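Trainee: Mind having a look at this structure? Questions to follow.
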Amino acid sequence: MKVVTGFEMQALDKKVIEGIGVPAEVLMERAGLGVAENIKKYYPPEFYQRVIILCGPGNNGGDGMVCARHLKDFGYKVFVLLLADKDRYKGEALINLNILKKLNFPTFRISSVEELQNLLKLEKPHILVDALFGTGL
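Every letter in the sequence shown is one number past the one before it in our numbering, and letter 47, counting from 1, is 49.
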């Protein structure tokens, strides 16, 4: 398996988006769906119901929001936790946040470690998805 660096991944994204013309939204949709399909494959909803997805304001957060939609369609109980104020979400991440709003998808703004700990104790998720940092870090 070939592993690429963060810089190489950014260059590949740019080439696909600008050089080939694939919209960034399509790449994000495919990434989020890929994560959701793998979660379903290895952690089927019959045994692992509750999922929490931690979403930052960047593209990884957008990937996480896409993943959340698909997991819900697959039968999971999904909560999206936003780790930044909604006005910090831009581009494709904002597009997907707005999609979640229109679908009345449960999203919560978490502003402290204590809030996160309390929610984790309350919901007792089977699966926790990190959609915070990506190649842009």
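Yeah, the Cβ is synthetic: ideal placement off N, Cα and C, and Gly gets one too. Remember, it's a predicted structure, so these values are computed and weren't measured experimentally.
#1: Between Asn40 and Leu134, which are expected to be in contact by the criterion C-beta below 8 angstroms, what is the C-beta distance as a whole number of angstroms?
#2: Could you tell me whether the Cβ atoms of Thr65 and Val37 are closer together than 9 angstroms?
#3: My understanding is that Ala13 touches Gly60, with C-beta atoms under 8 angstroms, so please give their C-beta distance in whole angstroms.
#4: Runs of 3 residues minimum, wholly inside the stretch 67 to 126: which ones carry the beta strand (DSSP E) assignment?
#5: Leaving out five residues on either side along the sequence, give the residues of the same chain with a beta carbon under 7 angstroms from the beta carbon of Leu35.
#6: Is Gly24 helix, strand or coil by DSSP?
#7: On the three-state DSSP scale, how would you describe Val53?
#8: Have a look at Leu122 and Ile19 and give me their C-alpha separation to the nearest angstrom.
#9: Say whether the stretch 106 to 124 touches the stretch 42 to 49, bearing in mind that this needs 3 or more beta-carbon pairs closer than 8 angstroms, one atom from each stretch.
#10: In the structure shown, what three-state DSSP assignment does Val6 receive?
#11: Beta carbon of Ala26, beta carbon of Gly58: below 9 angstroms?
Mentor: The structure says:
#1: That belief does not hold up - the Cβ atoms of Asn40 and Leu134 are roughly 18 angstroms apart, past 8 angstroms.
#2: It is worth fixing the name first, because residue 65 is Asp in this sequence and not Thr. Yes, Cβ-Cβ distance for Asp65 and Val37 is below 9 angstroms.
#3: The pair is not a contact, with the Cβ atoms about 17 angstroms apart (cut-off 8 angstroms).
#4: 79 to 84 and 109 to 111
#5: Val68 and His72
#6: Before going further, note that residue 24 is Val rather than Gly in the sequence given. The answer is coil: DSSP assigns Val24 none of H, G, I, E or B.
#7: strand
#8: 37 angstroms
#9: no
#10: Looking at Val6 - three-state DSSP - the assignment turns out to be coil, as it is neither helix nor strand.
#11: With respect to the 9 angstroms criterion, Ala26 and Gly58 are not classified as neighbours on the basis of their beta carbons.
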